[in-house]
Amino acid sequence: MQVVTIVQTKGGSAKTTTAMLLASAALDAGRRVTLIDGDVNAQLGRWRDSFELANWEGVAKPDWPATLTILSPPETVEGLLHLLEAEESRGVDLAVIDTRPGTHSDTEDFCLISDVILIPARPVFAEWEMTHRAVIWMDDLRASIAEGERFPAVRVLVIDAGPKIIDAATRDGGMALLSKRDRDVLREILRLDHLDVIVPHSKILEQLGFHGPLGPAAAANARSPGGRLMAEAIKRQLEIARFVLLGLDEIARA
């Protein structure tokens, strides 16, 4: 079982969105997933409720996947280790831990028992400082453990990027489209250890609570009269999520 912890130093940084994307991709790949919601706002813990209460306006809503479980973390590290062992023993392939914003000791505990630490990063000047703080925090945590002790892989995930950011990162001459501040920030982020994917901004990304896991949502809309365009939009977002999961798989194989 792979354990991924998602961290940031500020709220509203797409941690929960990242967890939902990972769950969607893993479910689509036929994996069993457990999400552990350690954030104070419990948005991830309410995902199923948000999905089941959403009005899909004529589209037949699918059942919540039986292979997706959402739990709250135990109060102790020992309890969390026992929980993860129990989840692995029942066949869970991926456990994703969403954490509260800030540099808390319990978040550090979550990190140290993980295989991968993900830092979601919006590539704009206004949010660069919190990403930089998160990277330094993980560097400090790495330095605090005994020499030779295992430390998880740390990767930045560029997420919620606008079209100009996508062009700047992928096209020759694209950097010229950005303001100097945003150009400098994007260059700094891409110098960090990062997953080789950029998650673009989209309405689907904003409405993951409404749609639920993306694979079943895409299939349900595709079956509905007039749902083709929505299904295609969801499929595009799911394809991006697959690349995020692929990045984690490559780390596991390394």
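The working numbering puts the sequence shown at residues 16 to 269.
Every residue, glycine too, gets a C-beta built ideally from N, C-alpha and C.
This structure is a prediction, so every number in the text was calculated from the model and none was measured.
Sequence ranges, alpha helix (DSSP H) only - wholly within the segment 108-193, length at least 4
120-127, 140-159 and 178-185, all fully within the segment 108-193.
Measure the alpha-carbon distance for Ser129 versus Pro138 and round it to whole angstroms.
For the purposes of this step, residue 129 is taken as residue 114 along the sequence shown, with counting starting at 1. For the purposes of this step, residue 138 is taken as residue 123 along the sequence shown, with counting starting at 1. Cα atoms of Ser129 and Pro138: separation of roughly 25 Å, rounded to the nearest angstrom.
Please confirm whether Thr20 and Val107 have their CB atoms less than 9 Å apart.
Within the sequence shown, residue 20 is the residue found at index 5, counting from 1. Within the sequence shown, residue 107 is the residue found at index 92, counting from 1. The answer is no: Cβ separation not under 9 Å.
Take Pro88 and list the residues in its own chain whose beta-carbon comes closer than 6 Å to its own, dropping the five residues that flank it on each side.
One-based indexing of the sequence shown puts residue 88 at position 73. Answer for Pro88: Ile51, Gly53 and Leu95, listed in chain order.
With 16 as the cutoff for other CB atoms within 10 Å, does Lys218 come out buried or exposed?
Position 203 of the sequence shown, counting from 1, holds the residue named residue 218. Label assigned to Lys218: exposed.
Span of the alpha helix (DSSP H) holding Pro231?
Numbered from 1 along the sequence shown, position 216 holds the residue referred to as residue 231. Leu229 to Arg238 is the extent of the alpha helix (DSSP H) around Pro231.
Would you call the segment 63-74 and the segment 97-104 in contact, with 3 or more CB pairs under 8 Å?
With a cut-off of 8 Å, the segment 97-104 and the segment 63-74 do not count as touching, because too few Cβ pairs lie within range.
Helix or strand or just coil, what does DSSP make of Gly53?
Within the sequence shown, residue 53 is the residue found at index 38, counting from 1. Three-state result, Gly53: strand.
Measure the C-alpha to C-alpha separation of Arg196 and Ala141 and round it to an integer number of angstroms.
Counted from its first residue, the sequence shown places residue 196 at position 181. Counted from its first residue, the sequence shown places residue 141 at position 126. A straight-line Cα-Cα distance of about 9 Å links Arg196 and Ala141.
Coil, strand or helix - Leu83 by DSSP
Here residue 83 is taken as the residue at index 68 of the sequence shown, counted from 1. Residue state, collapsed to three classes: strand.
Met145 beta carbon less than 9 Å from that of Thr24
Locating residue 24 in the sequence shown gives position 9, where the first residue counts as 1. Locating residue 145 in the sequence shown gives position 130, where the first residue counts as 1. Contact: yes.
Drop a sphere of 10 angstroms on the beta-carbon of Ile174, count the other beta-carbons inside from all chains shown, and report buried for 16 or more, exposed for fewer.
Position 159 of the sequence shown holds residue 174. Answer is buried; the Cβ neighbour count reaches 16.
Rounded to the nearest angstrom, what separates His226 and Arg202 at their Cα positions?
Here residue 226 refers to the residue found at position 211 when the sequence shown is read from its first residue. Here residue 202 refers to the residue found at position 187 when the sequence shown is read from its first residue. C-alpha separation (whole angstroms): 33 Å.
Given 8 Å as the limit, is there contact between the segment 184-191 and the segment 143-158, that is, 3 or more CB pairs closer than that?
Result no; under three Cβ-Cβ pairs closer than 8 Å.
Reducing DSSP to helix, strand and coil, say where Thr31 ends up.
For the purposes of this step, residue 31 is identified with residue 16 of the sequence shown, where counting begins at 1. Note: Thr31 maps to helix in three-state DSSP.
Could you give the C-beta distance for Ala233 and Leu253, rounded to a whole number, given that I count them as a contact under 8 Å?
Locating residue 233 in the sequence shown gives position 218, counting from the first residue. Locating residue 253 in the sequence shown gives position 238, counting from the first residue. Rounded to the nearest angstrom, the Cβ distance from Ala233 to Leu253 is 6 Å, consistent with a contact under 8 Å.
Kindly indicate which residue of Ala235, Leu127 and Gly224 has the alpha-carbon position closest to the one of Ser159.
For the purposes of this step, residue 159 is taken as the residue at position 144 of the sequence shown. When only C-alpha atoms are compared, the closest one is Leu127.
Own chain, CB closer than 6 Å to Trp143, minus 5 neighbours either side, in chain order:
Taking the first residue of the sequence shown as position 1, residue 143 is located at position 128. Result list for Trp143: Val200, in chain order.
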